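2 protein chains.
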Amino acid sequence: MQKLQKLIDRIIRRININLRGLEFDCGPYLRPCIPDRKLSSFYAFYGITGHHPLRFSFSHSNLAGSYFLGKCRVDGSVLYKTDIRGDELKLKGDSFHYRGIKMAMDQDEIISVADSLLVKTLVHNKSHDPENPEVFQIKNSAACPFANIHGAPMEGSFLGAFATADLTTLHGCIVEPFAYVQLGELWHERIEAGQIWINQDYTFDFRYQFPEEVLAQYIRTEPGQLPQGRFMDFLNERKGHFRRVFDTVHLDPLPGVPKSASVSRYAVIIPKTRFGENTLVAQRAYLENSVLGKGANAQENCFIINSILEGDNVTAHGAKIVNARLGRKTFVGFNSFLNGLPDAPLVIGKGSIVMPHTIIDLEEPVSIPADHLVWGYISGPRDVEHNSISLKALCDIKRMVTIGRMEFAGWGSKFVEAFQHRIDHILEENGAYFDGRKKKGHAQKGQNIAYNIIQPYPMGMQKGIYPTIEIQP
Amino acid sequence: MQKLQKLIDRIIRRININLRGLEFDCGPYLRPCIPDRKLSSFYAFYGITGHHPLRFSFSHSNLAGSYFLGKCRVDGSVLYKTDIRGDELKLKGDSFHYRGIKMAMDQDEIISVADSLLVKTLVHNKSHDPENPEVFQIKNSAACPFANIHGAPMEGSFLGAFATADLTTLHGCIVEPFAYVQLGELWHERIEAGQIWINQDYTFDFRYQFPEEVLAQYIRTEPGQLPQGRFMDFLNERKGHFRRVFDTVHLDPLPGVPKSASVSRYAVIIPKTRFGENTLVAQRAYLENSVLGKGANAQENCFIINSILEGDNVTAHGAKIVNARLGRKTFVGFNSFLNGLPDAPLVIGKGSIVMPHTIIDLEEPVSIPADHLVWGYISGPRDVEHNSISLKALCDIKRMVTIGRMEFAGWGSKFVEAFQHRIDHILEENGAYFDGRKKKGHAQKGQNIAYNIIQPYPMGMQKGIYPTIEIQP
Numbered sequence: 009m010q011k012l013q014k015l016i017d018r019i020i021r022r023i024n025i026n027l028r029g030l031e032f033d034c035g036p037y038l039r040p041c042i043p044d045r046k047l048s049s050f051y052a053f054y055g056i057t058g059h060h061p062l063r064f065s066f067s068h069s070n071l072a073g074s075y076f077l078g079k080c081r082v083d084g085s086v087l088y089k090t091d092i093r094g095d096e097l098k099l100k101g102d103s104f105h106y107r108g109i110k111m112a113m114d115q116d117e118i119i120s121v122a123d124s125l126l127v128k129t130l131v132h133n134k135s136h137d138p139e140n141p142e143v144f145q146i147k148n149s150a151a152c153p154f155a156n157i158h159g160a161p162m163e164g165s166f167l168g169a170f171a172t173a174d175l176t177t178l179h180g181c182i183v184e185p186f187a188y189v190q191l192g193e194l195w196h197e198r199i200e201a202g203q204i205w206i207n208q209d210y211t212f213d214f215r216y217q218f219p220e221e222v223l224a225q226y227i228r229t230e231p232g233q234l235p236q237g238r239f240m241d242f243l244n245e246r247k248g249h250f251r252r253v254f255d256t257v258h259l260d261p262l263p264g265v266p267k268s269a270s271v272s273r274y275a276v277i278i279p280k281t282r283f284g285e286n287t288l289v290a291q292r293a294y295l296e297n298s299v300l301g302k303g304a305n306a307q308e309n310c311f312i313i314n315s316i317l318e319g320d321n322v323t324a325h326g327a328k329i330v331n332a333r334l335g336r337k338t339f340v341g342f343n344s345f346l347n348g349l350p351d352a353p354l355v356i357g358k359g360s361i362v363m364p365h366t367i368i369d370l371e372e373p374v375s376i377p378a379d380h381l382v383w384g385y386i387s388g389p390r391d392v393e394h395n396s397i398s399l400k401a402l403c404d405i406k407r408m409v410t411i412g413r414m415e416f417a418g419w420g421s422k423f424v425e426a427f428q429h430r431i432d433h434i435l436e437e438n439g440a441y442f443d444g445r446k447k448k449g450h451a452q453k454g455q456n457i458a459y460n461i462i463q464p465y466p467m468g469m470q471k472g473i474y475p476t477i478e479i480q481p
Numbered sequence: 009m010q011k012l013q014k015l016i017d018r019i020i021r022r023i024n025i026n027l028r029g030l031e032f033d034c035g036p037y038l039r040p041c042i043p044d045r046k047l048s049s050f051y052a053f054y055g056i057t058g059h060h061p062l063r064f065s066f067s068h069s070n071l072a073g074s075y076f077l078g079k080c081r082v083d084g085s086v087l088y089k090t091d092i093r094g095d096e097l098k099l100k101g102d103s104f105h106y107r108g109i110k111m112a113m114d115q116d117e118i119i120s121v122a123d124s125l126l127v128k129t130l131v132h133n134k135s136h137d138p139e140n141p142e143v144f145q146i147k148n149s150a151a152c153p154f155a156n157i158h159g160a161p162m163e164g165s166f167l168g169a170f171a172t173a174d175l176t177t178l179h180g181c182i183v184e185p186f187a188y189v190q191l192g193e194l195w196h197e198r199i200e201a202g203q204i205w206i207n208q209d210y211t212f213d214f215r216y217q218f219p220e221e222v223l224a225q226y227i228r229t230e231p232g233q234l235p236q237g238r239f240m241d242f243l244n245e246r247k248g249h250f251r252r253v254f255d256t257v258h259l260d261p262l263p264g265v266p267k268s269a270s271v272s273r274y275a276v277i278i279p280k281t282r283f284g285e286n287t288l289v290a291q292r293a294y295l296e297n298s299v300l301g302k303g304a305n306a307q308e309n310c311f312i313i314n315s316i317l318e319g320d321n322v323t324a325h326g327a328k329i330v331n332a333r334l335g336r337k338t339f340v341g342f343n344s345f346l347n348g349l350p351d352a353p354l355v356i357g358k359g360s361i362v363m364p365h366t367i368i369d370l371e372e373p374v375s376i377p378a379d380h381l382v383w384g385y386i387s388g389p390r391d392v393e394h395n396s397i398s399l400k401a402l403c404d405i406k407r408m409v410t411i412g413r414m415e416f417a418g419w420g421s422k423f424v425e426a427f428q429h430r431i432d433h434i435l436e437e438n439g440a441y442f443d444g445r446k447k448k449g450h451a452q453k454g455q456n457i458a459y460n461i462i463q464p465y466p467m468g469m470q471k472g473i474y475p476t477i478e479i480q481p
């Protein structure tokens, strides 16, 4: 174990040096999340298909987690129960556009994690960093449990629990718990806990700040302790179900999954759950007594319980949906928490967009109309007014508006357009529009995955460290 | 699947070219053993400990099987349910003796399998080839189900079903089904089915030939068909039990295994089986309602059912023991088949040696006295006389003797000495003599193994081929 402990110390020191301007010690937040006795008890797996470029290269790391569907290298890092998904990396021959400049990719993009410590983190999608289009790099950085790193290269940065860096290159930044950023690029900033911030240069700016007392109910972090609150309670209650799927090499195929759909064998599926055509259920998703309509997807770490999703729904990484009825083409963003009442499900009308990191935790019945944008915190009907706007009204905004704790500036129509474009893109990538021949996406391409399981040294000085592994076609 | 089929064709052609002098086509014997639909359905695993040098290198191969506890490389080969065990390879710094010449190893020995097709074969131990002490090489060769390759480098050679090449370097040879050779080195020979042949230059020569009609009951091979007979029936009846242990990633530790013993998590253990101190049970061993006394070992592919082994027993690769009582320090050689009567177990007295490839399949009760050598085929008491000799009487032989179908020439005492020395060596290597501090062997060193599971491309042209993998410390 000594080498692994030295490695962890070294990574923490590197991150702290990078964050020296912000006077922050990441160690006390990270160490409780990686208890010694667990570090060597969880295996890593990587997936192999015939569809995705293959290159895995691992050295001097603890790798417990999953790596798949794209090129990846990990050096001098600790990745604990972390999923690295490369199925949307740029490919050789793709072209890349940045402010009118077109660049052709002369090699496949690779995810590179170096000198970093990621705990229960999801890394997905391609880099938007125009300076290094071939490498989606995470270096000298750390992420706490249930953080999302989505197309967001970072160096010298720290993500708190349930934080999301989405299409934002971070240099020496701290993104506190449950904060969400989609900002293009950011230098040496500290984003406060529960801040939701989306900005596109000269076009729009969306900000919402969760009230401190609300946030504390759902997620609290103290140095030297594991994250606490309702999010963690919710996850801990369902943890046991994952053991079965991770402990078995070959699981029998699930009955009732259409040929055009994929349900990961590392997802938890509890009766009676039904799957429509073109549906996609990623690993570490949890589905219980729910219906996924045609083209709906359930991404990594999301939970869908006692709910009906009518079709073409996006449930982004880490979103939780309990006791709900979601109309066609609704979008539920990263790490949102939607909890209806058992006898009065939360209703969300078709085409509505639930912003990333939204909490709708009902004390009284609520119904969100069709084609609305929803954000923030809603516990009953009186909150809806201050936490939503119709997409039509949003499109009319041309300068600035404040609704409840949300501030919007810029072109509402561009914001709606960008969001709807992105939702369409996600559905397309996931194979929701597959017609039996064309428009294949992840649901169709990810059906035949072979999973390889790799384990660390079981004892001695190197306990918990994985051997050096190189895998190529 | 096309690439894998091409690879198989290419290997078969290479072997046939090597065997051209013997006018032999190995294809019809091998193809039925590797059905298309199964080639991509079985995974490979390799073990990692802190005790053994690590280096795995795989390219352009189907690898379904196990690789562990030593350096190994596989190139352009098909290894189907084959186990490669490197825990007795020579290590850097070891010295190697050959007819009075001493050579120091300047690197660890590696097992290298190239352009070969091995089906359900066991490869174990170190090479005795003085020309290439650093490489235990198997090249342009094939082996049929349940063959053993034991410290026996080979090129351009073919092993039939249940054949064993033991400490014999083979060049362009055919070893037919259930034949056993221990000859040092052999060029361009064909060893007949059921021939048991041990020779040490200028010292001794032991030969036994199974009667054709007896052999046909136990093992028959026809071109275009799977091997048939009682051996295959016996194995097929018990096949299902292995599925459970291979389908689970983490199995709970077995209760009642002493701290000084190892029981592979890839062995089948059926109640009520008991394990003494320093016992070793290898993967793919099968134990049912039996007792392994202190220091006893059960090697790969062996079956021990309704039997008591009193201690320090060696049950070599592929041996089967049913309804038997074995005294202390008895040895049962490779692929032997010992089958007592349910109400009158086969008794073998202490210190007795059951030669490799012996069949004792009782119709009437039989008891072998202590300190005897047993060979050939025994079905009742009247066969014992023609298929055994006391070690004492054997030691007195100085020239030549014929007993039943067995011919012995040379120094009986040297033969007994060599055998007993080897048994002691096996027990020592396996940790039978561990005293709580010193004399550690496989039973103690193999306790903490991490198993890594690797799988082939699941679809497309490369279906069944494994990616190129390189693993180093």
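If you read the sequences in order, they're chains A and B.
With the first sequence counted from 1, adding 8 to any position gets you the working numbering.
With the second sequence counted from 1, adding 8 to any position gets you the working numbering.
For each residue, glycine too, the CB sits at the ideal point set by N, CA and C.
All figures in this text were calculated on a predicted structure; none of them were measured in a lab.
G94 of chain B and G35 of chain A have their alpha carbons spaced roughly 42 Å apart. Nearest neighbour of A324 of chain B by Cα position, chosen from B:N331, B:V340, B:V271, B:Y474, turns out to be B:V340.
The beta carbon of M162 of chain A sits closer than 6 Å to those of I146, S149, L178, all from its chain and outside the five residues before and after it, given in chain order. Out of A:P389, A:G159, A:I356, A:K11, the CA that lies nearest to the CA of L191 of chain A is found in A:G159. For H132 of chain A, the enclosing beta strand (DSSP E) stretches over residues 130-132. Ranked by Cα distance from H196 of chain B, the options B:N207, B:F166, B:Q455, B:I204 are led by B:F166. The region 14-34 of chain A and the region 49-58 of chain A do not touch, with fewer than three beta-carbon pairs separated by less than 8 Å. Put simply, the region 438-451 of chain A touches the region 282-289 of chain A. At least three CB pairs are less than 8 Å apart. Along the region 226-256 of chain A, the positions whose C-beta sits under 8 Å from a C-beta of chain B are F254, D255, T256, read in chain order. By the neighbour-count criterion, in which 16 or more other beta carbons inside 10 Å mark a residue as buried, Y465 of chain B falls on the buried side. Between the region 214-233 of chain A and the region 409-418 of chain A, the count of Cβ pairs shorter than 8 Å is three or higher; the stretches touch.
For V355 of chain A, the enclosing beta strand (DSSP E) stretches over residues 354-356.
Against chain B, a Cβ distance below 7 Å from Q463 of chain A picks out I56, A458, Y459, N460. For G232 of chain A and R246 of chain A, the gap between their C-alpha atoms comes out near 24 Å. The way I'd put it, the region 462-476 of chain A doesn't touch the region 134-142 of chain B; fewer than three beta-carbon pairs between them come closer than 8 Å. Under the Cβ criterion of 8 Å, I92 of chain B is not counted among the residues facing chain A.
Residue contact with chain A for P475 of chain B: present (Cβ-Cβ distance below 8 Å to some residue of chain A). Cβ-Cβ distances below 7 Å link E372 of chain A to G388, P389 in the same chain, with the five nearest sequence neighbours on each side left out; the list follows chain order. Residue environment: E221 of chain B is assigned as exposed (fewer than 16 neighbouring CB atoms within 10 Å of its CB, all protein chains considered). Of all residues in the region 37-51 of chain B, the ones placed with a Cβ closer than 7 Å to any Cβ belonging to chain A are Y51, in chain order.
L62 of chain B has a beta carbon lying within less than 8 Å of a beta carbon in chain A. By the neighbour-count criterion, in which 16 or more other beta carbons inside 10 Å mark a residue as buried, L259 of chain B falls on the exposed side. The criterion of a C-beta distance shorter than 8 Å is satisfied by G348 of chain B and N331 of chain B. Assignment of K110 of chain A by DSSP, reduced to helix, strand and coil, places it in the strand class. Near chain A, meaning a CB-to-CB distance below 7 Å, no residue of the region 401-418 of chain B qualifies. Cβ contact annotation for K11 of chain B (same chain, cutoff 6 Å, sequence separation greater than five): M469, Q470, I473, in chain order.
Contact check for D83 of chain A and S69 of chain A: beta-carbon distance about 7 Å, within the 8 Å limit, so the pair qualifies. Within chain A, no C-beta atom comes nearer than 8 Å to that of P261 of chain B; the closest sits roughly 13 Å away.
Non-local C-beta neighbours of I477 of chain A in its own chain, meaning closer than 6 Å and more than five positions away in sequence, comprise F66, ordered along the chain. Listed along chain A, the residues sitting closer than 8 Å to I479 of chain B by beta-carbon distance are P475, T476, I477, E478.
Put simply, the CB of P353 of chain A is far from chain B, with every gap to its CB atoms at 8 Å or more.
Using a Cβ distance threshold of 8 Å, V253 of chain A and V276 of chain A count as a contacting pair. Note on geometry: alpha-carbon atoms of L370 of chain B and P350 of chain B lie some 10 Å from one another. Under the three-state reduction of DSSP output, K147 of chain A falls in the strand class. If you draw a straight line from the Cα of A269 of chain A to the Cα of D443 of chain A, it comes to about 12 Å.
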